[in-house]
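Here is the structure we will look at.
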Amino acid sequence: MATPIARGVVYIHSAPRALCPHLEWAVGRSLGRAVNFEWADQPVLAGSRRAEFYWEGPAGTGAALATGIRGWEHLRFEVTEDPTPRSDGGRWMHTPDLGIHYAQMDTAGNVVVPEDRIRYAMEVAAGDPIELQRELDIALGSAWDDELEPFRHASDDAPVVWLHKVG
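Quick note: the sequence shown, position 94, residue 404 per our numbering, numbers continuous.
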């Protein structure tokens with residue numbers, strides 16, 4: 311039986327200029343062909359660049375892409391892989407402070423938290439609702455989403471408005 315073809319996106323949210331050609335090489339190596347990104351300035355972080363690259367390959371390519379580009383300092387990225395009729399989708403998020411997070415995705419793009427992970431969260435929480443919320447936030451990748459959100463919005467060519475907490 312042939313491996314299903316998957317599609318997805320590599321979002322480089324912020325990368326130092328010097329790293330850009332290395333990222334293209336790493337993605338190309340994972341895909342088995344040379345690639346070129348269309349780089350743009352990342353307005354959220356001066357001196358950094360951003361890019362989006364749509365890919366197609368055998369199911370499991372998303373994991374290979376995330377593995378190929380993780381580990382570089384100062385790099386923020388997401389890799390998505392859409393589900394196929396025979397494989398789950400996934401999303402890999404990476405930030406310099408948090409490292410990498412993987413989440414299974416359904417056909418609508420929602421994070422799927424497996425039953426065993428929910429049971430673990432309930433066991434660790436031992437009836438404490440605050441601890442349960444903390445464990446579920448970890449399972450959902452909330453900290454990664456929070457850190458990447460300003461970079462995502464900046465990619466829409468929208469002006470960035472910084473709000474500051476006072477007090």
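Ideal placement from N, C-alpha and C gives every residue a C-beta, glycine not left out.
Identify whether V319 lies in helix, strand or coil by the three-state DSSP scheme. The residue labelled residue 319 in the question sits at position 9 within the sequence shown. Correct three-state label for V319: strand.
DSSP beta-bridge partners for M403? Within the sequence shown, the letter at position 93 stands for residue 403. Note: M403 sits in a beta bridge opposite E388 and H411.
With DSSP as the reference, please indicate the residues paired to Y364 in a beta bridge. For this step, residue 364 is matched to residue 54 along the sequence shown. Listed as beta-bridge partners of Y364 by DSSP are V319.
N- and C-terminal bounds of the alpha helix (DSSP H) containing A344: Position 34 of the sequence shown holds residue 344. A344 -> no alpha helix (DSSP H), and no H or E assigned at all.
Please identify the residue among A464, V434, G318 and R462 whose C-alpha is closest to the C-alpha of V287. Since the first residue of the chain shown is 311 and the last is 477, residue 287 is not available in this structure.
Looking at the structure shown, is D351 part of a helix, part of a strand, or coil, going by DSSP? Here residue 351 refers to the residue found at position 41 when the sequence shown is read from its first residue. Correct three-state label for D351: strand.
Per-residue burial, Y430 [other beta carbons within 10 Å of its own, 16 or more giving buried]: For this step, residue 430 is matched to residue 120 along the sequence shown. Answer is exposed; the Cβ neighbour count stays below 16.
Using the beta-carbon count (16 or more within 10 Å), is Y364 buried or exposed? Sequence index remark: in the sequence shown, residue 364 carries index 54 (1-based). Burial state of Y364 is exposed, judged by a 10 Å Cβ sphere holding fewer than 16 other Cβ atoms.
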